[in-house]
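To keep things clear, I will list the structure first and then write my remarks on it.
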Amino acid sequence: MTSSEHAPLEEGPSKGLDQISLLSSDERLKGRPRLCSDCGFCDSSLKHLMSQTCTFVRNQTPVIEQRLHGRTRVGREELLFGIHRAMYAARMARPNPQAQWTGMVTALGARLLEHQRVEAVITTGAAPGTRFKAQPILARTPREVLATAGNKPCLSPSLNLIDAVREQGIKRLAVIGTGCQVHQLRAAEAQLGLERLDVIGIPCSDNVSYPDLEYFLTQVSRSPQTIVHHEFMQDFRLWMRHEDGHVEHLNFIDFPMDRLHGIFPSSCLSCFDYPTSLSDLTIGYMGAELGWQWVMVRTQAGEELFELLRPDLEIGELTESGDRTRGMPRYLERLSLPPGQSRPPWPIRKLVAWLQRTRGPKGLEFARAVIEMKLFRNLNYIRSKFPSFEERVVPDHVYEALQPYAPLYTQAFSRPLSRTQPPAAGARAEGG
Ligand SMILES: Cc1cc2nc3c(=O)[nH]c(=O)nc-3n(C[C@H](O)[C@H](O)[C@H](O)COP(=O)(O)OP(=O)(O)OC[C@H]3O[C@@H](n4cnc5c(N)ncnc54)[C@H](O)[C@@H]3O)c2cc1C
Numbered sequence: 001m002t003s004s005e006h007a008p009l010e011e012g013p014s015k016g017l018d019q020i021s022l023l024s025s026d027e028r029l030k031g032r033p034r035l036c037s038d039c040g041f042c043d044s045s046l047k048h049l050m051s052q053t054c055t056f057v058r059n060q061t062p063v064i065e066q067r068l069h070g071r072t073r074v075g076r077e078e079l080l081f082g083i084h085r086a087m088y089a090a091r092m093a094r095p096n097p098q099a100q101w102t103g104m105v106t107a108l109g110a111r112l113l114e115h116q117r118v119e120a121v122i123t124t125g126a127a128p129g130t131r132f133k134a135q136p137i138l139a140r141t142p143r144e145v146l147a148t149a150g151n152k153p154c155l156s157p158s159l160n161l162i163d164a165v166r167e168q169g170i171k172r173l174a175v176i177g178t179g180c181q182v183h184q185l186r187a188a189e190a191q192l193g194l195e196r197l198d199v200i201g202i203p204c205s206d207n208v209s210y211p212d213l214e215y216f217l218t219q220v221s222r223s224p225q226t227i228v229h230h231e232f233m234q235d236f237r238l239w240m241r242h243e244d245g246h247v248e249h250l251n252f253i254d255f256p257m258d259r260l261h262g263i264f265p266s267s268c269l270s271c272f273d274y275p276t277s278l279s280d281l282t283i284g285y286m287g288a289e290l291g292w293q294w295v296m297v298r299t300q301a302g303e304e305l306f307e308l309l310r311p312d313l314e315i316g317e318l319t320e321s322g323d324r325t326r327g328m329p330r331y332l333e334r335l336s337l338p339p340g341q342s343r344p345p346w347p348i349r350k351l352v353a354w355l356q357r358t359r360g361p362k363g364l365e366f367a368r369a370v371i372e373m374k375l376f377r378n379l380n381y382i383r384s385k386f387p388s389f390e391e392r393v394v395p396d397h398v399y400e401a402l403q404p405y406a407p408l409y410t411q412a413f414s415r416p417l418s419r420t421q422p423p424a425a426g427a428r429a430e431g432g
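First residue of the sequence shown? That's 1 in UniProt numbering, and the numbers climb one at a time after it.
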């Protein structure tokens, strides 16, 4: 099935530029709180727990970390990446061509079923007739998990399968999920009635609703309907692979942000868990060199999961180079400008893109750079759009992680980084 059967929206984002709302005009979502990533939990019979378990109501990361690890974060690396006991560059020795990277995530899900460690895996497939529309799947066989390889780069209501898990009497479950989904699961873990819960995290940032994904692709590609795979790569470019195999590139700095800033849900702009830190292990790519995947093993269960997959893996080396702090003054300066005004003219963009590619941070330093930038951007978003939420939604480790830049922050935003100070005059209170 080709995506060309579904004409992308070209007229604009589904919820209107700069509208502060959850994500789209989807009827199903009417009545939800404004900060909602449609993780699916509220479609389940456990909905009544949402006010105690949703990360956008109260971020409980430190409490959950204390429960999982017996401690909270220590040191600069954990402040950014979350608690982990080991970190690897790895890839499948025989990569799955359908996978987003090499297929470690779906291979692990399949392996858990093969070894009968779990009875089912919650994973995300594509809705029939589409390439990228997320459809949660309760996979009971390795083949069903493998069939969900590849990103569906839009919000997935995966936790709406909780009721099916209970109805089918499943007691040992694995879930493949993003930060908001995993926070929700961990916070409700005691109420799920499970004997085992294995959580495979994937890093996630700037997700969008499906209609907005279609719109996004029309804005960044010359041929949006033929894209079969795309990824925000470590060389500061979006790579889009097309049906005929050619790969189109767009520098991050060339994104038409004046036409895009309305597409990101308020929830994703209020998320402080890019590396999905409450998982048993997180499998992404951005801390590894091109061609490798980045694994953070967090818990004892995560170690067991990694060992199950190890026979299928090549293990590489984690490297790092560059200095992420050099670009931060300019980034904060741009962040303090209204969207649209922050895009430099074309010759400067060309130079910046070249500098980013050749001199910019690489490997783990790239991961630190993008996580820090998203923490700043999202803190700024909460402070300007939902100031009354800051205390509940921004965990303490965010301020600690960004502390080295506190003077720069004050210079750019004319207010202290720390939350203990009152907001500057003029900050709008529009949350609800
Ligand atoms: C929206 C989004 C943004 C991401 N951003 C980053 C990033 O910035 N940095 C980074 O290092 N990694 C990011 N990732 C993860 C990364 O792109 C790969 O998914 C991950 O490295 C696994 O690759 P793989 O080849 O092992 O996965 P595969 O074996 O191909 O399996 C992919 C898995 O992803 C799951 N999945 C697909 N779509 C969704 C969805 N919408 N919601 C929840 N689960 C889904 C499927 O269940 C499947 O199990 C992102 C993923 C998504 C969905």
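Cβ coordinates follow ideal geometry from the N, Cα and C atoms, glycine included.
Rounded to the nearest angstrom, what separates residue i and residue j at their Cα positions?
{"i": "M286", "j": "Q293", "result": "8 angstroms"}
{"i": "F41", "j": "R73", "result": "27 angstroms"}
{"i": "E167", "j": "S45", "result": "11 angstroms"}
{"i": "F81", "j": "D244", "result": "37 angstroms"}
{"i": "P416", "j": "Y331", "result": "17 angstroms"}
{"i": "R34", "j": "K385", "result": "11 angstroms"}
{"i": "A107", "j": "Y88", "result": "17 angstroms"}
{"i": "V247", "j": "Q135", "result": "26 angstroms"}
{"i": "L159", "j": "D43", "result": "8 angstroms"}
{"i": "M104", "j": "Q411", "result": "43 angstroms"}
{"i": "S21", "j": "S37", "result": "Legend: pLDDT at S21 = 46, less than 50; position of this residue unreliable, no value from coordinates given."}
{"i": "L402", "j": "E372", "result": "7 angstroms"}
{"i": "V123", "j": "T178", "result": "Checking the sequence, you will find Thr at residue 123 rather than Val. For T123 and T178, the distance between alpha carbons rounds to 11 angstroms."}
{"i": "S418", "j": "G363", "result": "29 angstroms"}
{"i": "G302", "j": "T282", "result": "9 angstroms"}
{"i": "F413", "j": "R343", "result": "18 angstroms"}
{"i": "L23", "j": "L192", "result": "Since pLDDT at L23 reaches only 48, below the 50 mark, its modelled position is unreliable, and no value is offered."}
{"i": "V228", "j": "R131", "result": "7 angstroms"}
{"i": "M240", "j": "G70", "result": "42 angstroms"}
{"i": "L217", "j": "P347", "result": "24 angstroms"}
{"i": "R408", "j": "T53", "result": "Reading the sequence as shown, one finds Leu at residue 408 and not Arg. Roughly 34 angstroms separates the two Cα atoms."}
{"i": "Y405", "j": "M328", "result": "8 angstroms"}
Would you say residue i and residue j are within 8 angstroms of each other, going by their C-beta atoms?
{"i": "N96", "j": "A149", "result": "yes"}
{"i": "E114", "j": "P157", "result": "no"}
{"i": "V182", "j": "S279", "result": "yes"}
{"i": "L68", "j": "T299", "result": "yes"}
{"i": "L335", "j": "F376", "result": "yes"}
{"i": "T226", "j": "H249", "result": "no"}
{"i": "E400", "j": "L79", "result": "yes"}
{"i": "V370", "j": "R85", "result": "no"}
{"i": "T55", "j": "C204", "result": "no"}
{"i": "E314", "j": "A110", "result": "no"}
{"i": "S388", "j": "I83", "result": "no"}
{"i": "R324", "j": "P275", "result": "no"}
{"i": "G284", "j": "I202", "result": "yes"}
{"i": "L161", "j": "L138", "result": "yes"}
Residue i lies in the beta strand (DSSP E); which residues open and close that run?
{"i": "P136", "result": "134-139"}
{"i": "H242", "result": "237-242"}
{"i": "W294", "result": "293-297"}
{"i": "L250", "result": "247-251"}
{"i": "E314", "result": "313-315"}
{"i": "M92", "result": "86-92"}
{"i": "R186", "result": "Note, R186: premise wrong, no beta strand (DSSP E); alpha helix (DSSP H) at 179-187."}
Under 8 angstroms by Cβ, that's how I've got residue i and residue j pegged, so tell me the actual separation to the nearest angstrom.
{"i": "A147", "j": "V295", "result": "With a Cβ gap of about 23 angstroms, A147 and V295 do not count as contacting."}
{"i": "V398", "j": "L379", "result": "6 angstroms"}
{"i": "D254", "j": "R357", "result": "About 13 angstroms separates the two Cβ atoms, so there is no contact after all."}
{"i": "Y210", "j": "K133", "result": "5 angstroms"}
{"i": "P153", "j": "L213", "result": "6 angstroms"}
{"i": "L305", "j": "D163", "result": "With 8 angstroms as the limit, L305 and D163 do not qualify as a contact, their Cβ atoms being about 25 angstroms apart."}
{"i": "F272", "j": "V208", "result": "Going by Cβ atoms, the distance from F272 to V208 rounds to 18 angstroms, so no, they are not a contact pair."}
Starting from residue i, follow the alpha helix (DSSP H) in both directions and report where the run begins and ends.
{"i": "T319", "result": "T319 -> no alpha helix (DSSP H), and no H or E assigned at all."}
{"i": "T61", "result": "61-69"}
{"i": "residue 434", "result": "This structure cannot speak to residue 434, because the chain is shown only from 1 to 432."}
{"i": "T218", "result": "210-220"}
{"i": "F81", "result": "75-81"}
{"i": "L308", "result": "300-309"}
{"i": "F413", "result": "406-413"}
{"i": "I382", "result": "364-385"}
With a cut-off of 8 angstroms, does the C-beta of residue i fall near any C-beta of chain C?
{"i": "Q300", "result": "Although the question refers to chain C, the structure presented lacks it and comprises just one protein chain."}
Touch test, the stretch 118-136 against the stretch 161-171, Cβ-Cβ under 8 angstroms, three pairs minimum: A contact exists between the stretch 118-136 and the stretch 161-171.
Cβ contact (3+ pairs, closer than 8 angstroms) linking the stretch 185-192 and the stretch 228-247: Per the Cβ contact rule, the stretch 185-192 is not in contact with the stretch 228-247 (fewer than 3 Cβ pairs under 8 angstroms).
Three-pair Cβ contact test at 8 angstroms for the stretch 54-74 versus the stretch 387-398: Contact between the stretch 54-74 and the stretch 387-398 is present, because at least three Cβ pairs lie under 8 angstroms.
Cβ pair count under 8 angstroms reaching 3, the stretch 319-337 against the stretch 252-271: Result no; under three Cβ-Cβ pairs closer than 8 angstroms.
The stretch 217-224 / the stretch 91-110 touching (three or more Cβ pairs under 8 angstroms): Proximity of the stretch 217-224 to the stretch 91-110 falls short of the contact definition, fewer than three beta-carbon pairs being nearer than 8 angstroms.
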